[in-house]
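Take a look at the structure below.
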Amino acid sequence: GESVGLHLPTLSVQEGDNSIINCAYSNSASDYFIWYKQESGKGPQFIIDIRSNMDKRQGQRVTVLLNKTVKHLSLQIAATQPGDSAVYFCAEKISVDDMRFGAGTRLTVKP
Amino acid sequence: EAGVVQSPRYKIIEKKQPVAFWCNPISGHNTLYWYRQNLGQGPELLIRYENEEAVDDSQLPKDRFSAERLKGVDSTLKIQPAELGDSAVYLCASWGLGTGELFFGEGSRLTVL
Chain A
88 GESVGLHLPT
98 LSVQEGDNSI
108 INCAYSNSAS
118 DYFIWYKQES
128 GKGPQFIIDI
138 RSNMDKRQGQ
148 RVTVLLNKTV
158 KHLSLQIAAT
168 QPGDSAVYFC
178 AEKISVDDMR
188 FGAGTRLTVK
198 P
Chain B
5 EAGVVQSPRY
15 KIIEKKQPVA
25 FWCNPISGHN
35 TLYWYRQNLG
45 QGPELLIRYE
55 NEEAVDDSQL
65 PKDRFSAERL
75 KGVDSTLKIQ
85 PAELGDSAVY
95 LCASWGLGTG
105 ELFFGEGSRL
115 TVL
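Here the protein sequences line up with chains A and B, keeping their order. The first sequence begins at 88 in the numbering used here and counts up one residue at a time. The second sequence begins at 5 in the numbering used here and counts up one residue at a time.
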């Protein structure tokens, strides 16, 4: 992924608002994408995935949108809660069993 | 069911010293990954194993890094000698056949002084 050093893109939202986190991926041939959540001091955790034959997939409070034309993914979190504060990464499947990660976005939820 | 287990969680060493990290993947998961995560960045793949075979080690700095997965279960990642730039979190992950999901351990945070 593209290096952003210590300056992660950040998003700050008020508790209860909706959050939208964006990601650009690199390989037009990628057919599978995952959003991960990483809390401080922990490994990334799976949130939701989407295959390239879909434009949208919904989970519990989360929605992923895929725009293959511009190679863009977004993660929407409804009614954001303090427990949603974390760094969010998108990952694309480059080949069989090979996932590559973007640089991440730090989400901060203000009470 | 236990998740991916890594140890140690934290390690502080002086440069030029060796260090090793251990990973126990989820039972039955054939594919094991080692990633390095620098501060403020996403995980970057170092090596991927299918059972005991390293199928992608193109990103592993082979002059100082080595890895093994004897018997296709646990894996060890070694750095010798460590350099200041090796300070990072080393993440292990496993992927079970048919699950479509990558499970990560909590990582081993290395600080090289």
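Virtual Cβ for every residue (Gly too), placed ideally from N, Cα, C.
Rounded to whole angstroms, the gap between the alpha carbons of B/Gly109 and A/Gly146 is 23 Å.
Exclusion of the five residues before and after B/Ser98 leaves Val8, Pro29, Ile30, His33, Leu36, Phe107 as the residues of its chain whose Cβ lies within less than 6 Å of its Cβ. Residue contact check for A/Arg187 against chain B: a CB pair falls below 8 Å.
For the region 84-104 of chain B, the residues whose beta carbon sits under 9 Å from a beta carbon of chain A are, in order, Val93, Leu95, Cys96, Ala97, Trp99, Gly104. In the structure shown, B/Lys75 adopts helical secondary structure according to DSSP, grouped into three states.
Interface annotation, A/Lys129: in contact with chain B, CB-CB separation under 8 Å.
Here A/Met186 is buried: its Cβ has 16 or more other Cβ atoms, across all protein chains shown, within 10 Å. Between the C-alpha atoms of B/Arg68 and B/Pro85 there is a straight-line separation of about 6 Å. Judged by their CB atoms, A/Val151 and A/Leu95 are not nearer to each other than the 8 Å cut-off.
Within chain B, the residues Gln45, Gly46 have their CB atoms less than 7 Å from the CB of A/Ala190, given in chain order.
The alpha-carbon of A/Tyr123 is positioned some 24 Å away from that of B/Val59. With fewer than 16 neighbouring CB atoms inside 10 Å of its own CB, A/Asp104 falls in the exposed class. Of the candidates A/Ile181, A/Phe188, A/Pro169, A/Glu179, the residue whose Cα lies closest to the Cα of A/Lys197 is A/Pro169. Apart from sequence neighbours up to five positions away, the residues of its chain that approach B/Lys19 with a beta-carbon distance below 8 Å are Pro85, Ala86, Glu87, Leu88, Val116, Leu117, ordered along the chain. B/Phe25 is outside the set of residues whose beta carbon lies under 8 Å from a beta carbon in chain A.
At a cut-off of 8 Å between C-beta atoms, A/Leu160 does not count as an interface residue with respect to chain B.
Here B/Leu106 carries a strand assignment [DSSP, helix/strand/coil]. By DSSP's assignment, A/Val157 forms no beta bridge with any residue. Relative to the Cα of B/Arg113, the nearest Cα in the group B/Gly44, B/Leu49, B/Ala92 belongs to B/Ala92.
Around the CB of A/Ala190, 16 or more other CB atoms lie within 10 Å, so the residue is classed as buried. Here B/Pro47 is buried, its C-beta having at least 16 other C-beta atoms within 10 Å.
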